[in-house]
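Chemist:
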Ligand code: GLC
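In our numbering, the protein residues as written are 2 to 441.
Here is the structure:
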């Protein structure tokens, strides 16, 4: 899949260009995911950006993480956007969120939602590569408070799996797996708003207006409730448990526990979350007939049966048995009617199964390839010993970037670049992929 391997010269050129994108998007203390389209600091973007920055500027990488944590709420939530950098044309802007209504909000303007908690995993990587025990001690309390908030304040049942109240919290905003849960949301009394995202990127590559109305409506509901977590859990019309988010959190709990042991801090609390989620995860998400993990609509009390690449996330989280892993890979990953490259698809991994009616190869999370997701899958494939598939995916990811540049996402049929240009995590993860030719 995806063309010939890159020559050493082409690899060196990619490294230079990736560093140039990270430098160009650097605003001193934080990095914009993309100039114009995303002008502030985003949560999981900045963690992945720090991983890339550490390849050539460790101090700047640590500063990226410190800046993100400045936006942490007093109850532990690390928000999905921190509005560093002052006013911009981005919608929703800081004024729209009105987070000052919440006693838990920090002085710095932020959004009122969270995002996939990949940060502890990145901090562990940085510590193992560069030995930064002082930094680990500095950020541990913030990481622990965030994970505790996810497993308690945001947990609605004995599974301890966090509940997401908005598709943006999943990081995969318009994924078709949210469609049924979103369709139930009736946006009455919607505040007037103007989309900013379609000013920079073609509307055909961005979420549908039908979904966007619901995204905005949900925020309006939360600000009316002053972002009180009990009210949001009890009343949000959108309430889901997410396979990807939960897998990322579980892996991050493992990494948090390792970091705590590394600096001699007791980790029993984290070990308890690990044990509970290990026991509950498959009961909640695994569908034995389909051989897939499906997200769970907590509000409706039923699985969201849509086949997307997020079904492979438990490989990354270490949450599947070897039998489940083989079913995922043999029946789905390797199936050209769903995910495998073949006559219809040249590049992996399409974020939504090619066989789904909702598949749209150029629209956001409805089908395109995303480099961050490929990187997560690479880690997951290697964790379960699928080395050949991991090598192929690495080569395909680099071929895409070499062909179309550091784009936000790519059309899996022809590799065309879509969405924002000079996208920071695509650059950061190119550095990561190029530095680890065979895993690690
Ligand atoms: C989009 C993505 C989200 C990302 C953000 C900034 O909203 O869906 O995952 O964090 O852009 O890049």
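Glycine included, C-beta positions come from ideal geometry on N, C-alpha and C.
I'd like to confirm the pairing. Which residues does DSSP put opposite residue 83 in its beta bridges?
Modeler: Per DSSP, 42 and 111.
Chemist: Hey, quick one: how far does the beta strand (DSSP E) through residue 297 stretch, first residue to last?
Modeler: Taken as a continuous stretch (DSSP letters only), the beta strand (DSSP E) holding residue 297 covers 296-298.
Chemist: Where does residue 441 land, buried or exposed, given buried means 16+ other C-beta within 10 angstroms?
Modeler: Low per-residue confidence applies at residue 441: pLDDT is 39, beneath 50, and the placement is therefore not dependable enough to give any value.
Chemist: Answer yes or no: the CB of residue 411 versus the heavy atoms of the ligand GLC, is any distance below 7 Å?
Modeler: No - the ligand GLC has no heavy atom lying nearer than 7 Å to the Cβ of residue 411.
Chemist: Assuming residue 396 is part of the alpha helix (DSSP H), what are its boundary residues?
Modeler: First-last of the alpha helix (DSSP H) with residue 396: 388-405.
Chemist: Rounded to whole angstroms, what is the Cα-Cα separation between residue 183 and residue 338?
Modeler: Those two C-alpha atoms are separated by around 27 Å.
Chemist: Measuring only from the beta carbon, is residue 116 closer than 7 Å to any heavy atom that is part of the ligand GLC?
Modeler: Yes, the ligand GLC has a heavy atom inside 7 Å of this Cβ.
Chemist: Is the beta carbon of residue 386 within less than 7 Å of some heavy atom of the ligand GLC?
Modeler: Incorrect: residue 386 has no Cβ contact closer than 7 Å to the ligand GLC.
Chemist: Quick check: the Cα distance between residue 75 and residue 161, rounded to an integer number of angstroms?
Modeler: Each residue's alpha carbon lies about 21 Å from the other.
Chemist: Going straight from the alpha carbon of residue 44 to that of residue 53, what length do you get?
Modeler: Distance between the alpha carbons of residue 44 and residue 53 is about 15 Å.
Chemist: Distance, Cα to Cα, residue 17 vs residue 26?
Modeler: Cα to Cα, residue 17 sits roughly 14 Å from residue 26.
Chemist: Using DSSP bridges, identify the partner residues of residue 21.
Modeler: Note: residue 21 sits in no beta bridge, so no partner.
Chemist: If distances are taken between C-alpha atoms only, which option among 266, 271 and 304 comes closest to residue 284?
Modeler: Cα-wise, what sits closest to residue 284 is 304.
Chemist: Can you list, in chain order, the residues of its chain with a C-beta nearer than 6 Å to that of residue 277? Leave out the 5 residues immediately preceding and following it.
Modeler: Here the set comprises 161.
Chemist: If you count every other CB in all the chains shown that lies within 10 Å of the CB of residue 431, and 16 or more means buried, which is it?
Modeler: Buried is the call here.
Chemist: Should residue 129 be labelled buried (16 or more other beta-carbon atoms within 10 Å of its own) or exposed?
Modeler: Exposed, by the Cβ-count rule.
Chemist: From residue 216 to residue 248, what distance separates their C-alpha atoms?
Modeler: Distance between the alpha carbons of residue 216 and residue 248 is about 24 Å.
Chemist: Please enumerate, following chain order, all residues with a beta carbon closer than 5 Å to at least one heavy atom belonging to the ligand GLC.
Modeler: Listed along the chain, these residues meet the criterion: 34, 39, 43, 46, 172 and 174.
Chemist: Provide the residue span of the beta strand (DSSP E) that contains residue 195, from first to last.
Modeler: It is not in any beta strand (DSSP E) - residue 195 carries neither H nor E in the DSSP assignment.
Chemist: For residue 287, which residues does DSSP report across the bridge?
Modeler: DSSP lists 294 as partners of residue 287.
Chemist: At the level of alpha carbons, what is the spacing between residue 134 and residue 264?
Modeler: Straight-line Cα distance between these residues: approximately 7 Å.
Chemist: Out of curiosity, what's the CA-to-CA distance linking residue 287 and residue 242?
Modeler: Each residue's Cα considered, the two are about 13 Å apart.
Chemist: Curious, which full-length alpha helix (DSSP H) runs of at least 4 residues does the segment 126-167 contain?
Modeler: Runs of the alpha helix (DSSP H) inside the segment 126-167: 134-149.
Chemist: Which term fits residue 355, buried or exposed, when burial requires 16 or more other beta carbons within 10 angstroms of its beta carbon?
Modeler: Buried.
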